[in-house]
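Those protein sequences? They're chains A and B, same order as listed.
Quick note on numbering: my numbering labels position 46 of the first sequence as 46, and the sequence is numbered without any gaps.
Quick note on numbering: my numbering labels position 121 of the second sequence as 1121, and the sequence is numbered without any gaps.
For every residue, glycine included, the Cβ atom is placed at its ideal position computed from N, Cα and C.
As the structure is a prediction and not an experimental result, all values here were calculated from the model.
The structure under discussion appears below in the form of structure tokens.
2 protein chains.
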Amino acid sequence: MKEYWKSGLKKTRQRDCIFNILQNAKNPMTAIEIHSEAQKSSVNMWLSTIYRILDLFTGKGLVEKNFLVGDDIATYVLCSDMHSHFAVCVSCRKRFPMEYCPVGHVEPSGDFYVTGHKLEMVGYCKDCYIDRVKEGNI
Amino acid sequence: MKEYWKSGLKKTRQRDCIFNILQNAKNPMTAIEIHSEAQKSSVNMWLSTIYRILDLFTGKGLVEKNFLVGDDIATYVLCSDMHSHFAVCVSCRKRFPMEYCPVGHVEPSGDFYVTGHKLEMVGYCKDCYIDRVKEGNI
DNA sequence: CATCTAAATGCGGATAATTCGCATTAATAT
DNA sequence: ATATTAATGCGAATTATCCGCATTTAGATG
């Protein structure tokens, strides 16, 4: 586990738990999802605590907060993950991490100093695509 | 004005108003911003009506709904606008439409059928960048 | 033009995600 | 071991967004 407590944060059971969950997560998770996941590992925490910790981690740059296409709700991922980009299936609404980034070099401009970017691909996952083909929609 | 009512929607004063506002908008707008803008042109409408119309337009593909970095609130833009990508200043939180798209060709993959994408650049706008330089932060 | 019908809006209440405040508890520096 | 500061438990408050129903309006039809 990355040592989040090295940045002036206390190491607590609750923070460990959330960090763990995000580290094992395959996909971006909502606060609610994190909450129920935590309960499975019998770490009971209030939602307000979860939000506080997530905000804190986000502020420290450990976690990234996203609103992915079609979900009007915040999802969180560890920044340490290689993939900070996601593909979202408009049919089943699943989210898939992307391994590479198709945004090439961004040339510097006098108008905006770019420090980073956020990218989502939108479309159909393999399963939903096959279904659509079968149904003759494509 | 694009003829939104050609897709089976009735043409109403309220819809005209929202369409107009979005058409004149330089930046993505929240429902609240649209609401107060509407009041300036003395078209009074309830927020629920605005949300309904925006959802409707979004469903018809006339409007795009976004949650831009750092704003935990939905913003709306006309899809007809050339620029569907935005740069967001992390300092003043202003949003700037981008004129070009640095996402190049996305090669087809067997895992995900891409129909579109959403991109945000994050960084500092010209003014905030200059301020940071002056303050010695860069 | 008058009338009719489906669709849109006014209006307010409900919902649900997120944040706030404060008392209590836990973590770490001494 | 103790003191100090930060974190959490707990629930209430906030706020964006959505829902339901009565009323009104747009546009089709005679």
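query: From the DSSP output, which residues share a beta bridge with Val43(A)?
result: In DSSP, Val43(A) forms no bridge with anything.
Under 9 Å by beta carbon: chain B residues contacting Val106(A): Pro1102, Met1121
task: Count the other CB atoms, across all protein chains shown, that sit within 10 Å of the CB of Pro1028(B); report buried if there are 16 or more and exposed otherwise.
output: buried
Residue of Ala1031(B), Ala1025(B), Gln1039(B), Leu1068(B) minimising C-alpha distance to Arg1013(B): Gln1039(B)
- prompt: Given Trp5(A), which residues of its chain have a CB within under 7 Å of its CB, disregarding the five upstream and five downstream residues?
  reply: Lys11
For Pro1190(B), the nearest candidate out of Cys125(A), Pro97(A), Val114(A) (CA to CA): The structure shown does not extend to residue 1190(B), since chain B is modelled only from 1001 to 1138, so the question has no answer here.
task: Can you grab the Cα-Cα spacing for the pair Met1098(B) / Met1121(B), in whole Å?
output: 9 Å
task: Could you check which residue in Gly123(A), Val103(A), Cys79(A), Lys118(A) has the C-alpha nearest to that of Arg95(A)?
output: Gly123(A)
- prompt: If you measure from the beta carbon of Lys1126(B) to each beta carbon in chain A, is any gap under 9 Å?
  reply: yes
message: Just to check my reading of the structure: Val1103(B) and Val114(A) have Cβ atoms closer than 8 Å, yes? What is that Cβ distance to the nearest angstrom?
response: Contact between Val1103(B) and Val114(A) fails: their C-beta atoms lie close to 14 Å from each other, not under 8 Å.
task: Output the distance between the C-alpha atoms of Leu1119(B) and Asn1066(B), rounded to the nearest integer angstrom.
output: 10 Å
- prompt: For Cys128(A), which of helix, strand or coil comes out of DSSP?
  reply: helix
- prompt: Is Leu22(A) closer than 9 Å to Ile32(A) when the C-beta atoms are compared?
  reply: no
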